[in-house]
Structure formats: C-alpha cells, structure tokens
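Below you'll find the structure, written out as structure tokens, and then a few comments.
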Amino acid sequence: MTGAMFKAWSSGFGIIVVAYATWFVLLQVGTYSELFVLLLWSSPFIAAFVSSYLGPSKKIWLGISMAVPTAVLAVVFNSVHQLLGNAVDFPGFKGGLILFTTTLIYAGIISGIGGAVGYFLTRRRAGKVGHT
Numbered sequence: 014m015t016g017a018m019f020k021a022w023s024s025g026f027g028i029i030v031v032a033y034a035t036w037f038v039l040l041q042v043g044t045y046s047e048l049f050v051l052l053l054w055s056s057p058f059i060a061a062f063v064s065s066y067l068g069p070s071k072k073i074w075l076g077i078s079m080a081v082p083t084a085v086l087a088v089v090f091n092s093v094h095q096l097l098g099n100a101v102d103f104p105g106f107k108g109g110l111i112l113f114t115t116t117l118i119y120a121g122i123i124s125g126i127g128g129a130v131g132y133f134l135t136r137r138r139a140g141k142v143g144h145t
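In the numbering used here, the protein residues as written are 14 to 145.
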C-alpha cells in the first residue's frame with residue numbers, strides 16, 4: 014500500500030471511528046438522535062466515498078474495504094457498551110457474530126456504492142480537466 018493509498022484509507026477509517034465513537038458517547042450520556050442514527054448508518058458510504066475519491070488507484074476496492082472496520086467497530090463498541098452494564102440488542106459471543114455478519118454485509122453494500130460514486134466522480138473530474 015502506497016503512502017497516498019494509506020492516507021486515503023486512513024481518512025475513511027477516521028470517519029468511521031468518529032461516527033462510532035460519537036454514537037458510543039451519546040449512548041453513555043443517554044442522548045438519542047434520529048439524525049445521528051442516519052449519520053452512523055451512512056458513515057460506511059461516506060468513508061468509502063472519501064477513501065475512493067482520495068485514493069490514487071484501486072478506488073472501488075479501497076472504498077469496499079471500509080466495510081471491515083465498520084463491522085469490527087460495531088462489535089467492539091457493542092461489546093464495551095454491554096460490559097459497562099448496558100442492555101444491547103446482540104449480547105454475548107453469538108450476538109457479536111450476528112452483529113459482525115449483518116454489519117459486514119450491510120457495510121459492504123453501502124461501501125461498494127460509496128466507492129463506486131467516488132471512483133466515477135474522480136473519473137468525471139479527470140475527464141473534464143483533460144478537455145479544457
């Protein structure tokens with residue numbers, strides 16, 4: 014992985030970390046926001062778009078790769094939330110596997126779309142630059 018590719022991937026990863034960390038903090042203080050739920054569930058798309066848009070090559074794969082940290086962070090924050098004595102929808106090891114699998118599938122689809130949008134926008138931008 015080149016430096017530019019790592020930087021693009023890290024940018025997307027940072028978006029996912031911020032989304033999940035903020036969600037975790039909001040849960041701890043007892044705040045619920047439908048708007049933030051939307052942002053949390055769209056974070057794989059946004060992260061994939063940013064990674065793909067900024068990436069120098071393999072843009073769609075770079076975007077799709079955002080699905081893995083999304084699924085891992087969902088399980089980690091869910092487990093920590095449970096360990097702190099809070100009720101969670103997917104408790105225990107089996108619940109973690111279910112959460113990981115469903116989140117990976119969902120994030121894979123959403124990240125694929127975000128990566129494709131980033132790819133096509135950079136190609137479109139490159140095409141316009143070449144014609145002017």
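Glycine residues also receive a C-beta, built at the ideal position from the N, C-alpha and C atoms. Given the structure is predicted, the values throughout are model-derived calculations rather than measurements.
(message) Tell me which residues share the same chain as alanine 32 and place their Cβ nearer than 7 angstroms to its Cβ, disregarding the 5 neighbours each side in the sequence.
(response) Numbered from 1 along the sequence shown, position 19 holds the residue referred to as residue 32. Contacts found: Leu52, Leu53 and Ser56.
(request) Can you give me the Cβ contacts of leucine 40 inside the same chain, cut-off strictly under 8 angstroms, excluding the 5 residues immediately before and after it? (result) As a working mapping, residue 40 is identified with position 27 in the sequence shown. So the list reads His94 and Asn99, once near-sequence residues are dropped.
(request) Would you tell me roughly how many angstroms separate the C-alpha atoms of threonine 83 and phenylalanine 113, rounded to the nearest one? (result) The count along the sequence shown starts at 1 and reaches residue 83 at position 70. The count along the sequence shown starts at 1 and reaches residue 113 at position 100. Straight-line measurement puts the Cα of phenylalanine 113 at about 9 angstroms from the Cα of threonine 83.
(message) Using 8 angstroms as the threshold, is the C-beta distance between phenylalanine 19 and phenylalanine 90 below it?
(response) Along the sequence shown, read from residue 1 onward, the residue named residue 19 stands at position 6. Along the sequence shown, read from residue 1 onward, the residue named residue 90 stands at position 77. Contact: no.
(message) If you reduce the DSSP assignment to three classes, tell me which class aspartate 71 lands in.
(response) Start at 1 with the first residue of the sequence shown, and residue 71 comes out as number 58. This sequence places lysine at residue 71; aspartate is not what is there. Three-state result, lysine 71: coil.
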